[in-house]
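What follows is one structure encoded as structure tokens, with my remarks underneath.
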Amino acid sequence: MYDALYLRFGPQNWWPGETPFEVMVGAVLTQNTNWKNVERAIANLKKADLLDPFAITECAPERLAEVIKPAGYYNVKARRLKNLVCVLAEDYEGDLEAFFSGDVDELRRRLASISGVGLETADSIVLYAAGKPTFVVDAYTFRIVVRHGLLFPEAGYHELKMLFEDNLPRDPQLYNEYHALLVKVGKDFCRKRSPRCDGCPLEEFPHEVEEPF
DNA sequence: TGCCAGGCCGGGT
DNA sequence: ACCCGGCATGGC
């Protein structure tokens, strides 16, 4: 599947973002949200000189919410960003290198323990900001896997993740490209309600069982 | 013009 | 342990 996707769509150059910190912020802002909206919110953050752990820590929540408004859920996301940068600023003096150093699984647990950072956001940060090997599972991954009959719709996040990690070399660049390709093909062909994809082995994939995890 | 977007949390059974 | 409502803007 990976080879077919790569041959068809080519390198996706993920994650879109200039610095690891920008990637972290984007990971929170894109929760259940169109990336286009996130770009505007990030542009606003840059314009306001707020793309920095300490700047966000010191910023009033109401103002932060206003700046990230285009990304939607701006009140909850302002809180979530503050929760995230609080750990960086308080525990690591804003030093991302220090924060990212150490065991991969411990890092993702540390991230996921922050309120507002779930499993996918944590994995996105570990893979795309820290460049460490962890496979990112999202709604598209779920749909594509289930509609191909590779797992049952009852499968949880961890099972999805392990399907990939158990069958691929532990290579961050491969995980990076694979997940990006799944999102690309998901956007184009595997939306919530889309007609059956050509070649799908199931007579009818389960529209009625949709939401993952 | 609804439906959807690169989820996650907290409270209620 | 599940289940569910809430959160919100902008694009197609």
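Read left to right, the first sequence gives residues 1 to 213 (the working numbering). No residue lacks a Cβ here, since even glycine has one placed at the ideal position from N, Cα and C.
- prompt: Taking Cβ positions, are Gly94 and Pro53 nearer each other than 7 Å?
  reply: Residue mapping note: residue 94 aligns to position 94 of the first sequence, counting from 1. Residue mapping note: residue 53 aligns to position 53 of the first sequence, counting from 1. In this structure, Pro53 lies closer than 7 Å to Gly94 by Cβ.
task: Would you tell me roughly how many angstroms separate the C-alpha atoms of Val126 and Ala180, rounded to the nearest one?
output: Translated into positions along the first sequence, residue 126 becomes position 126. Translated into positions along the first sequence, residue 180 becomes position 180. C-alpha separation (whole angstroms): 15 Å.
message: Report the CB separation of Leu50 from Phe21 in whole angstroms; it is logged as a contact under 8 Å.
response: Stepping through the first sequence from its first residue, residue 50 is reached at position 50. Stepping through the first sequence from its first residue, residue 21 is reached at position 21. By a beta-carbon distance limit of 8 Å, Leu50 does not contact Phe21. Their separation comes to about 11 Å.
message: Going by DSSP in three states, Gln31 sits in which element: helix, strand or coil?
response: Against the first sequence, residue 31 aligns to sequence position 31. In the structure shown, Gln31 sits in coil (DSSP, three-state: anything other than H, G, I, E or B).
- prompt: Under a Cβ-count criterion, where at least 16 other Cβ atoms within 10 Å of its own Cβ denotes burial, should Ser101 be classed as buried or exposed?
  reply: Within the first sequence, the letter at position 101 stands for residue 101. Answer is exposed; the Cβ neighbour count stays below 16.
task: Can you check the stretch 33–88 for any alpha helix (DSSP H) of at least 4 residues that lies completely inside it and give the ranges in chain order?
output: Taken in chain order, the complete alpha helix (DSSP H) segments of 4 residues or longer contained in the stretch 33–88 are 35–47, 53–58, 61–67 and 74–86.
task: Kindly indicate the opening and closing residues of the alpha helix (DSSP H) around Ser124.
output: The count along the first sequence starts at 1 and reaches residue 124 at position 124. Where Ser124 is concerned, the enclosing alpha helix (DSSP H) stretches over Leu119 to Ser124.
- prompt: When the Cα atoms are used, what is the spatial distance from Gly116 to Gly149?
  reply: In the first sequence, counting from the first residue as 1, residue 116 sits at position 116. In the first sequence, counting from the first residue as 1, residue 149 sits at position 149. So the two alpha carbons sit approximately 31 Å from each other.
field: Cβ-Cβ separation, Leu160 to Val145 (assumed contact under 8 Å), whole Å
entry: Mapped onto the first sequence, residue 145 falls at position 145. Mapped onto the first sequence, residue 160 falls at position 160. 6 Å between Cβ atoms; contact.
query: Lys161 by DSSP, collapsed to three states: which one?
result: If you number the first sequence from 1, residue 161 lands on position 161. The answer is helix: DSSP assigns Lys161 an H, G or I state.
query: Does the beta-carbon of Asn176 have 16 or more other beta-carbons within 10 angstroms, so that it is buried, or is it exposed?
result: As a working note, residue 176 is residue 176 in the first sequence. Result: buried.
- request: Enumerate in chain order the residues of its own chain whose CB-to-CB distance from Gly17 is below 7 Å, with the five nearest sequence positions on each side excluded.
  value: Position 17 of the first sequence holds residue 17. Same-chain partners within the cutoff: Val23 and Gly26.
field: As assigned by DSSP and simplified to three states, the class of Phe205
entry: Residue numbering aside, residue 205 sits at position 205 when the first sequence is read from its first letter. Note that Phe205 scores 43 on pLDDT, short of 50, meaning its location in the model is unreliable; the coordinates nonetheless yield the value given after this. Residue state, collapsed to three classes: coil.
field: Reference Ile114; option with closest CA among Arg147, Asp91 and Tyr6
entry: On the first sequence, residue 114 is found 114 positions in, with the first residue counted as 1. It is Asp91 whose Cα lies nearest to the Cα of Ile114.
- request: Enumerate, from N- to C-terminal direction, the unbroken alpha helix (DSSP H) stretches of 4 or more residues contained entirely within the stretch 128–163.
  value: 139–147
message: Rounded to the nearest angstrom, what separates Ala122 and Phe9 at their Cα positions?
response: Here residue 122 is taken as the residue at index 122 of the first sequence, counted from 1. Here residue 9 is taken as the residue at index 9 of the first sequence, counted from 1. Rounded to whole angstroms, Ala122 to Phe9 spans 26 Å at the Cα level.
task: Between the Cα of Leu84 and those of Gly186, Leu111 and Tyr2, spot the shortest distance and give me the residue it belongs to.
output: In the first sequence, residue 84 corresponds to position 84, counting from 1. It is Leu111.
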